[in-house]
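Using the numbering used here, read the sequence shown as starting at 36 and increasing by one per residue. Just so you know, even glycine gets a beta-carbon here, dropped at the ideal spot from N, CA and C.
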Amino acid sequence: MKKVDFLIIGQGLAGTCMAIELLRNNLSFQIIDNGKKNASTTANGIINPVTGQRFVKSWNYDLFLPFAKALYNYWEEHIKSKFFFERTILKLLPTALEANLYDVKVGMEGYEILLPVTKNEHPLLKAEYTGMMKGGFYLNCKEFTHSSREYFLSSDSLTEKTFDIDDVIVQENGFAYEDLFAEHIVFCQGYTADENPFFPHLPFVPTKGQIIQVKMDNFTSDTITQKNGILSPLEDGSFLMGATYEWAFTDDEPNEEGKTALLEKLKQMIDDDFTILQHTAAIRPTTKDRKPLIGRSERHPNAYILNGLGTKGVLMAPYLAQQVRQMAQGSIVPDDIIKWNRS
Ligand SMILES: Cc1cc2nc3c(=O)[nH]c(=O)nc-3n(C[C@H](O)[C@H](O)[C@H](O)COP(=O)(O)OP(=O)(O)OC[C@H]3O[C@@H](n4cnc5c(N)ncnc54)[C@H](O)[C@@H]3O)c2cc1C
């Protein structure tokens, strides 16, 4: 029987960051993942420091970012692959009112990343004004999860199959699962985690997201462009345009409505022709209060959850993985605000 410190269920952003966090701390693990389409291989992969119409700092951006940089940079070095890039973000400010709202934040403490508003002179950008923002990042999520998967497979620490909770034999000091014994188990199953007796009644409100990859005829940029959508440059010169936020849906497939909505957003941003290269969709594990879900099960002290990454998995997952590891090692309890069973 193979013995490990941790069994991780799911290899999206959550499971991958959890595994890297354990590996960095010399703890052993086995991942079980069924290889189905997931949010993590579909995501735009952006860390956006300031969001919304009033340009408010992303929740805990300053706390989470150093953990994200450290984990992704460490992993790039470890597996000799490149997937994490710093990117400036150009905010399109179509009217004087929006430019003013942005301008209010420029120079404020904590908002040093915002450069002053300028009159737009780019012929293809549809905006009266623009504001350049530093502190943005792009994780090529497909490359990150795929190359990590290859690494875990080659080191025999990932099993490709569906995990069945009914086959877990709970023991005082851990869990037996088929030919495996793990002292701890961490559930990182994304939005499909709703039928887990260790973590019942999770406050999920999953949102479907669609995204298109486009090749623009003339527009080129190394910068992310944002209005009410995000146009993000890829390494091959094409762009990802995302995303939709759909609360009512019946499947996780791309559809015409999603494509039309994304094209509308794109046309409001850039005056150029383009070709659609790809159109994809997936379901985000979003929660009612948009905060993540971490912590220990009430049924077994060695069972944990790392979920609820919602729309900001890239920024949050590394910090939260560290929290779960420290919880398992007995050194911390999670903040009430991110506890999976918060009231
Ligand atoms: C269109 C779109 C755009 C997005 N853009 C961004 C963005 O720009 N920035 C950002 O930070 N976030 C973005 N997100 C959100 C981000 O994708 C999520 O926060 C993140 O991917 C969630 O990761 P996860 O590991 O929790 O879940 P998932 O990626 O869903 O992974 C869960 C994994 O668990 C596996 N699994 C579940 N149950 C079992 C089982 N019983 N047995 C075996 N395996 C199992 C699944 O197959 C899957 O591989 C976007 C999402 C979408 C859909």
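Work out the CA separation of residue j and residue i for me, nearest whole Å.
i	j	result
E163	I373	40 angstroms
P336	G330	10 angstroms
G345	Y212	29 angstroms
I15	E207	Only positions 36 to 378 of the chain appear in this structure, which leaves residue 15 out of reach.
K243	G47	16 angstroms
V349	K177	12 angstroms
Y339	S332	6 angstroms
A217	D40	5 angstroms
F309	D287	25 angstroms
V359	A131	45 angstroms
I67	T86	35 angstroms
I220	Y107	23 angstroms
H181	C52	13 angstroms
L128	V203	54 angstroms
D257	I114	25 angstroms
G365	T76	32 angstroms
A105	N175	16 angstroms
A363	P369	11 angstroms
N95	I124	19 angstroms
F198	P238	22 angstroms
L328	R59	23 angstroms
N253	F120	23 angstroms
N376	A49	18 angstroms
V91	D214	49 angstroms
N117	Y173	The sequence given here places Lys at residue 117; Asn does not occur at that position. When rounded, the distance between both Cα atoms is 11 angstroms.
T153	N263	19 angstroms
M143	L298	35 angstroms
P353	E195	23 angstroms
R325	H236	16 angstroms
P289	T315	5 angstroms
L62	E270	34 angstroms
Can you list, in chain order, the residues of its chain with a C-beta nearer than 7 angstroms to that of residue i? Leave out the 5 residues immediately preceding and following it.
i	result
P241	Y226, I318, R319, P320 and T321
I265	N79, I81, I259 and G277
S273	Q248, V249, K250 and L312
V205	H335
N155	A162, E163, Y164 and T165
Q357	E56 and F102
Tell me whether residue i sits in a helix, a strand or coil according to DSSP, three-state version.
i	result
I373	helix
E56	helix
E333	coil
D271	coil
G170	strand
K140	helix
Y164	strand
L159	coil
P101	helix
E133	helix
E281	strand
I247	strand
I114	helix
Using a C-beta cutoff of 7 angstroms, does residue i count as contacting chain B?
i	result
L188	No chain B is part of this structure, which consists of one protein chain only.
Just reading off the beta strand (DSSP E) that residue i is part of, what are its end residues?
i	result
R122	F119 to L128
A338	A338 to N342
F274	F274 to G277
T367	Looking at the sequence itself, residue 367 is Ile, so the reference to Thr does not match. Counting along the chain, I367 falls outside any beta strand (DSSP E), and DSSP gives it neither H nor E.
F309	F309 to R319
T260	I259 to Q261
P241	Run containing P241: none; DSSP gives neither H nor E here.
T153	L149 to K154
Could you check where the alpha helix (DSSP H) with residue i kicks off and where it finishes?
i	result
E299	E291 to M304
Q357	G348 to A363
F179	C176 to S189
Please list, in chain order, all residues of the same chain as residue i whose beta carbon is under 8 angstroms from its beta carbon, the five residues on each side excluded.
i	result
L193	Q46, Q65, I66, I67, D68, R184 and F187
F222	I44, G45, A228, N231, F233, F234, A338, Y339, I340, L341 and N342
E281	T242, K243, G244, Q245 and G293
I'd like the list of long-range same chain contacts for residue i, defined as Cβ closer than 6 angstroms, with 5 residues on each side in sequence excluded.
i	result
Y146	K140
In chain order, each beta strand (DSSP E) run of at least 3 residues that lies wholly inside the stretch 199-236: 203-206, 209-212 and 215-222
3 or more residues per run - each beta strand (DSSP E) lying fully within the stretch 39-98: 64-68
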